[in-house]
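To start, the structure under review is shown below, and the notes come after it.
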Amino acid sequence: MINNMCCWSYIQYRPTDEVAASAEENWLFRYSHIHIFRVIMATVKPDDRLTSSQGFMCVGFAGVFSKTVTSPLEVVKIKSQVGTFHCKKGFLHSFLVVYQKEGIRGFWKGNLVSCLRLFPYSAVHLSTYKQIIHLHMDELGYVSQWRAIFAGGLAGISAALATYPLEVAETRLIAQNCREPTYRGVVHTLSNIYQTEGLRALYRGFSLTILGAFPFSIGCYAVYINLDKLWRKPQFRFTALQNFINGCIAAGVAQTLSYPFETVKRKMQAQNPRLPHYGGADIHFTGMLDCFRQVIRNKGILTLWSGITANMVKIVPYFGLLFSCFEMCKQVCLYRNGYIVSPLSYKLAPGVDQSMGPTEVEEVKQYLKNRKFQSQQGSRW
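Residue numbers in the sequence shown follow our numbering, run continuously in steps of one, and reach 384 at the last position.
Next comes the structure, spelled out in structure tokens:
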């Protein structure tokens, strides 16, 4: 369940900014999300010095960069889930198997479609979340944690539904051997699936996205209610590093609980009787329940967690790169907006009010520029 979708909504859009922060608000913006990316990125404090487009660009670029760098881990994970190979010599040997069979290119299969999916997912999620959350606000702008869970879950399901065909295409591209490809790119994959298998094939396994959201949310909630005990201080005093660690712990617990649902979903996405080796799936089944039954009976229940090591190893580097890249992009934007003296440091620009928005700063600059020009013209006369 680590689709890691960019969602600037939780950084830029906060419905309770007009009122004091509360514990319910902390829950809403940290742990009410279905996908792990939002669990981490929600800990980034909103910065009014960035425009909406700059914020979206920073998060989008950070997401694409971190996904691209950690793509080899994602490929090994999905291949293990589908059952394309079962490496009994350990996690590290799995990389050697991929390299021997497909070369270095095999580690970045499906990365393009995975990155492309970030942006429509975020757009749908943001618009849906805004509509739902406004319906559940009280007169002061507060939202209860359970209504926040409902809003975040429903928005996540809506976004997943809108972009699910791209996830199916990603699975098919990763499951195939890139040296003997059946599919050639995103468009060809989607059109081929539609023409040969029908529209339903593009949404095969979607019900598991919904079912997997329940154990995922339970895992996040279990971490959330124990954070005070872990750090021995209230949550509003957590540092950025502690929030990062909290997000990684929540990611690990939530993904472990929901992982069997994703494994079965990947098998359902990949299986096709018309493809060589049934699309790479290691078992043949007729539906979701039959897939669970076949996996447990023929492969053992632990097979439902195939690839979990790659998934866990991916968490820290993925979000470390995500934060680092986001901060670098943010510095460039702050320099462009005139708040800092260099894109390589956070040294504040002298004489610039950091509480002003980008538009206000630009207006002040333009005013001072015009005033200086007028004074120069007056001195000439």
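Don't be surprised by glycine CBs; every beta carbon is placed ideally from N, CA and C.
For clarity, every value in this text was computed on a predicted model and none was experimentally measured.
Non-local beta-carbon contacts of residue 213 in its own chain, meaning distances under 7 Å to residues more than five positions away in sequence, involve 160 in chain order.
For residue 304, the secondary structure class from DSSP, reduced to helix, strand or coil, is helix. Between residue 104 and residue 176, the beta carbon gap of about 15 Å keeps them out of contact (Cβ cut-off 8 Å). Here DSSP, grouped into helix, strand and coil, assigns residue 53 to coil. Setting aside the 5 residues that flank it on each side, residue 301 is surrounded in the same chain by 286, each with a C-beta closer than 7 Å to its C-beta; the list follows chain order.
Cβ contact annotation for residue 332 (same chain, cutoff 8 Å, sequence separation greater than five): 60, 61, 64, 65, in chain order.
Here residue 336 is actually not in contact with residue 129; their C-beta atoms are around 19 Å apart, not less than 8 Å. Looking at the DSSP output, residue 343 shares a beta bridge with 351. Here residue 170 is near residue 120, since their CB atoms are less than 8 Å apart. Residue 328 and residue 69 do touch by the CB rule: their CB atoms are close to 6 Å apart, below 8 Å.
Excluding the 5 residues flanking it on each side, residue 313 has same chain C-beta neighbours closer than 6 Å at 76, 79, 80, in chain order. DSSP, reduced to helix, strand and coil, places residue 180 outside both helices and strands of the structure shown, so it counts as coil.
Rounded to the nearest angstrom, the Cβ distance from residue 340 to residue 320 is 30 Å, too far for a contact under 8 Å. Between residue 307 and residue 298 the beta-carbon gap is near 6 Å, inside 8 Å, which marks them as a contact. The beta carbon of residue 237 sits closer than 7 Å to those of 231, all from its chain and outside the five residues before and after it, given in chain order. Assigned with DSSP and collapsed to three states, residue 277 falls in coil, not helix or strand. The beta carbon of residue 264 is closer than 6 Å to those of 211, 214, 215 in its chain, skipping five residues each way along the sequence. Judged by beta-carbon spacing, residue 85 lies within the 8 Å limit of residue 284, meaning their Cβ atoms are closer than that value. For secondary structure counted as the beta strand (DSSP E) over 3 or more consecutive residues, the region 194-219 holds no complete run. With respect to the 8 Å criterion, residue 178 and residue 268 are not classified as neighbours on the basis of their beta carbons.
Burial state of residue 109 is buried, judged by a 10 Å Cβ sphere holding 16 or more other Cβ atoms.
DSSP places residue 120 in the helix class (H, G or I) of the three-state scheme.
In terms of CA proximity to residue 217, 157 leads the group 243, 167, 157. About 6 Å separates the beta carbons of residue 278 and residue 185, which is inside the 8 Å limit, making them a contact pair.
The DSSP-derived three-state label of residue 142 is coil. Taking C-beta atoms as the reference points, residue 338 and residue 355 fail to come closer than 8 Å.
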